[in-house]
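Asker: Sharing a structure here in structure tokens format.
Residue numbers (our numbering): 107 to 415.
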């Protein structure tokens, strides 16, 4: 990034706007989104659907109050998920990320200790507050921000490599859940619905693969509607950026009845496809905290050539 180039100011009518503020907001928006995902995944990995019951009672009560207010904002036509972690301010998010109840889960999914994450995140919080109060940033401010983001990007990358691109074990019919899905799909038309269930990093993955007709995308609105009765059990819908496939991610620590109900809903092969690519779907749905997108090829795959045989 050319910090000197970011000294440019531009007029909006009679008002001068520093371009660096716009870039800083975008950088923080992206990083904060990933850290909220890490927070949710860690709590659900540790405690399953009932994770919120393990929060500090005062914090939980405040987040539930904010979630109720969020439900009353539908008229704004904005993304208004009532997920508790997305109600938190930056300080509350940091408190949840560093809670001792999820220390082992954060270490597994982030590859760093909680206090290391907190140190870098605290500086970002200060700069975020400056932005929120409409103060102009300087190139030096942005350099400090980028330094903290660079260090936290290693956390994000470790999380992505686990959840979006990590290895998993397919559950065959010699496992209870694999056997149950096999029974549900006994009369399945495999030319129309390629599906299996897998396990990895503390999560169950209900996986679909592309079938004809190709060149379609998961429809975020339909996914939220079709699985509305199961959303509290679902950590995320992870969706291929380029192809018609998606994965339902649910914690292993889900009670047997809820896991079975989710498996049945998945096996029903509901129509959740659209010709609209993600960028053309409504932000209210495609930018939901439940929608996570992954590249068709892992960015973490080794570039070393395989040895010749």
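Idealized CB from N, CA, C, for every residue including glycine. Small disclaimer: the values here were computed from a predicted structure and weren't measured.
Hey, how far is the Cα of residue 318 from the Cα of residue 298?
Answerer: Approximately 7 Å, taken between the alpha carbons.
Asker: Determine the closest residue to residue 402 out of 381, 122 and 344, with distance taken between C-alpha atoms.
Answerer: 344
Asker: Going by CA-CA distance only, name the one from 251, 179, 372 and 383 that's closest to residue 287.
Answerer: Per the Cα distances, 372.
Asker: Would residue 258 pass as a contact of residue 227 if the rule is Cβ separation under 8 Å?
Answerer: yes
Asker: Which residues mark the beginning and the end of the beta strand (DSSP E) in which residue 118 is found?
Answerer: 115 to 118
Asker: Quick check on this structure: which residue in 233, 375, 386 and 211 has the alpha carbon closest to the alpha carbon of residue 316?
Answerer: 375
Asker: Taking 8 Å as the threshold (C-beta atoms), are residue 200 and residue 127 in contact?
Answerer: Not closer than 8 Å, so no.
Asker: Given 8 Å as the limit, is there contact between the region 378 to 390 and the region 160 to 175, that is, 3 or more CB pairs closer than that?
Answerer: Counting Cβ pairs under 8 Å, fewer than three are found: no touch.
Asker: Of the residues 203, 190, 397 and 142, which one's Cα is nearest the Cα of residue 354?
Answerer: Here the closest residue by C-alpha is 397.
Asker: Helix, strand or coil, according to DSSP, for residue 242 in the structure here?
Answerer: coil
Asker: Quick one: Cα of residue 358 to Cα of residue 157, how far?
Answerer: 13 Å
Asker: Alpha carbon to alpha carbon, how far is residue 178 from residue 145? Give it in angstroms, no decimals.
Answerer: Cα to Cα, the separation comes out at about 25 Å.
Asker: Give the single residue among 365, 321 and 326 whose Cα lies nearest to the Cα of residue 305.
Answerer: 365
Asker: Roughly how many angstroms separate the alpha carbons of residue 404 and residue 383, rounded to a whole number?
Answerer: 20 Å
Asker: Taking residue 265 and residue 216 to be in contact with their CB atoms under 8 Å, please state how far apart those CB atoms are, rounded to whole angstroms.
Answerer: 6 Å
Asker: With a CB to CB cut of under 8 Å and the five nearest residues on each side skipped, what residues in its chain are close to residue 183?
Answerer: 390
Asker: Apart from the five residues just before and just after residue 152, which ones in its own chain have a Cβ nearer than 7 Å to its Cβ?
Answerer: 207, 208 and 211
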